[in-house]
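Have a look at the structure below, then the notes.
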Amino acid sequence: MSAIVIAVLVLAAAATGAVFKPGPWYESLRRPDWTPPNWAFPVVWSVLYIAIGVSGWLAWQAQGLGLAMGLWLLQLVLNAAWSWLFFGLRRMDLAFVDVCALLLSILAYIAVAAQLSQTAALLFVPYAVWVATAATLNRSVWRLNPEAARG
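Heads up: the sequence shown begins at 5 in the working numbering, then just goes up one per residue.
Encoded structure:
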């Protein structure tokens, strides 16, 4: 049952990326040369969401509801909020704050989860790298398009 609940939570977070899509507004923005190609985002996120789910399930199996799962849930909420903030509200500034908080929550989860399951912690390492890249991209796009940022 816990695996089903975790899978539903991960799918709900992933769905925000389908609801709040890049679209014409994002396509019109100036982006750095190193921006990953559009096809890379759904591919990478699909793999990462599987890792997020498996990691959460391992942490749950090891401890149940505790600090690790609290951090796991926090990162999932912050993850889900980013697409809404960036693409939905077009608030690159708030999205940047969110993605920085997301990265911190991922790193905290890795540290706590490592005490419970090395595998759970290691499954989050690629996620941390991708989110660090996303934070840098968020900041770069914001800097390149100050007129497009609301607020």
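Note that CB positions come from ideal geometry on N, CA and C, so glycine has one too.
Assigned exposure category for residue i - 16 Cβ within 10 Å defines buried
{"i": "A16", "result": "exposed"}
{"i": "D37", "result": "exposed"}
{"i": "S59", "result": "buried"}
{"i": "V9", "result": "exposed"}
{"i": "W29", "result": "exposed"}
{"i": "G155", "result": "The pLDDT assigned to G155 is 48, lower than 50, so where the model puts this residue is not dependable, and the model offers no usable value."}
{"i": "Q119", "result": "exposed"}
{"i": "V12", "result": "exposed"}
{"i": "E151", "result": "exposed"}
{"i": "L69", "result": "exposed"}
{"i": "W61", "result": "buried"}
{"i": "A22", "result": "exposed"}
{"i": "Q79", "result": "buried"}
Expected contact under 8 Å - CB spacing of residue i and residue j to nearest Å
{"i": "F91", "j": "F24", "result": "4 Å"}
{"i": "A84", "j": "T123", "result": "About 24 Å separates the two Cβ atoms, so there is no contact after all."}
{"i": "W86", "j": "V103", "result": "6 Å"}
{"i": "L77", "j": "L106", "result": "In fact, because the Cβ distance is near 12 Å, the residues do not count as touching under 8 Å."}
{"i": "V116", "j": "G57", "result": "Between G57 and V116 the Cβ distance is about 18 Å, and since that is not below 8 Å, they are no contact."}
{"i": "L63", "j": "S6", "result": "Per the sequence presented here, residue 63 reads as Ala, with Leu not at that position. Contact flag wrong, Cβ pair sits at about 10 Å."}
{"i": "A55", "j": "L127", "result": "4 Å"}
Residue i: CB within 8 Å of a non-hydrogen atom of the ligand ADP
{"i": "L106", "result": "Absent from the structure shown: the ligand ADP. Ligands present: none."}
Residue-level contact to chain C via CB, residue i, 9 Å cutoff
{"i": "G57", "result": "Included in the structure is just one protein chain, with no chain C present."}
Touch test, the segment 102-113 against the segment 128-137, Cβ-Cβ under 8 Å, three pairs minimum: The segment 102-113 and the segment 128-137 touch, with no fewer than 3 CB-CB distances between them shorter than 8 Å.
Segment contact flag, the segment 135-154 with the segment 29-43, C-beta cutoff 8 Å, min 3 pairs: The segment 135-154 vs the segment 29-43: in contact.
Start-end ranges of the beta strand (DSSP E) lying completely within the segment 9-52, minimum 3 residues: Runs of the beta strand (DSSP E) spanning 3 or more residues and lying entirely within the segment 9-52 do not occur at all.
Alpha helix (DSSP H) runs wholly inside the segment 104-140, at least 4 long, in chain order: Contiguous alpha helix (DSSP H) elements confined to the segment 104-140 occur at 122-127, taking only those with 4 or more residues.
Inside the segment 50-103 only - beta strand (DSSP E) runs reaching at least 3 residues: Counting only runs of 3 or more, we get nothing.
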